[in-house]
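J.: Got a structure for you, written out below as structure tokens; questions coming shortly.
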Amino acid sequence: MIGSARPVTQAGATRTCPHCRATILESAVICPGCKHHLRFDKDARIAAAAATKTAWQVEGTLDAERMDAASEYAILVVVRNERNEEVARQVVNVGALQGAERRTFTLSIEMSEARPIASLRRR
Ligand SMILES: [Zn+2]
Numbered sequence: 000m001i002g003s004a005r006p007v008t009q010a011g012a013t014r015t016c017p018h019c020r021a022t023i024l025e026s027a028v029i030c031p032g033c034k035h036h037l038r039f040d041k042d043a044r045i046a047a048a049a050a051t052k053t054a055w056q057v058e059g060t061l062d063a064e065r066m067d068a069a070s071e072y073a074i075l076v077v078v079r080n081e082r083n084e085e086v087a088r089q090v091v092n093v094g095a096l097q098g099a100e101r102r103t104f105t106l107s108i109e110m111s112e113a114r115p116i117a118s119l120r121r122r
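Residue numbers for the sequence shown, in numbering that gives the first Met the number 0: 0 to 122.
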């Protein structure tokens with residue numbers, strides 16, 4: 000296409016959420032970690048309406064194994080690239096369960112198309 004000179008967002012560029020300090024996408028309108036809105040302008044509303052889809056989600060439940068003793072757990076998330084190289088590893092929660100105690104965990108991956116940075120920074 001001729002004349003398409005709008006600068007494109009550096010896809011995957013990150014920033015720190017001012018509310019929860021998580022590393023999030025620069026293009027995020029709502030922090031996926033703490034759910035705080037990060038931008039309120041007209042372009043943000045348009046951006047929020049843009050297609051963000053849940054590409055993948057899994058939910059599981061972890062029950063205590065015994066009534067008479069606690070079992071410890073660690074929930075670990077590991078991300079690998081196309082060459083199977085580890086690019087991220089994070090322990091998101093640890094604890095102990097006993098008796099009727101239970102933890103339910105949900106892991107979801109949200110994806111959206113990178114948007115032109117001009118529409119993000121104007122005003
Ligand atoms: Zn946040």
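Virtual Cβ for every residue (Gly too), placed ideally from N, Cα, C. Please read these numbers as outputs of a predicted model, since none were measured by experiment.
1) Just how far apart, CA to CA, sit residue 90 and residue 78?
2) Do residue 113 and residue 21 count as a contact pair if the criterion is CB distance below 7 Å?
3) Quick one: grab the DSSP three-state call for residue 65.
4) Would residue 95 pass as a contact of residue 69 if the rule is Cβ separation under 7 Å?
5) Return the CA-CA distance between residue 64 and residue 107, expressed in angstroms with no decimal places.
T.: So, to answer that:
1) Numbered from its first residue, the sequence shown carries residue 90 at position 91. Numbered from its first residue, the sequence shown carries residue 78 at position 79. Here the alpha carbons of residue 78 and residue 90 stand approximately 12 Å from one another.
2) What you label residue 21 is simply residue 22 of the sequence shown in a count that begins at 1. What you label residue 113 is simply residue 114 of the sequence shown in a count that begins at 1. Remark: C-beta atoms of residue 21 and residue 113 do not approach each other more closely than 7 Å.
3) For the purposes of this step, residue 65 is identified with residue 66 of the sequence shown, where counting begins at 1. If DSSP states are grouped into helix, strand and coil, residue 65 belongs with coil.
4) As a first step, residue 95 must be located in the sequence shown, where it is residue number 96. As a first step, residue 69 must be located in the sequence shown, where it is residue number 70. Contact flag set, yes.
5) Looking up residue 64 in the sequence shown gives position 65. Looking up residue 107 in the sequence shown gives position 108. Those two C-alpha atoms are separated by around 26 Å.
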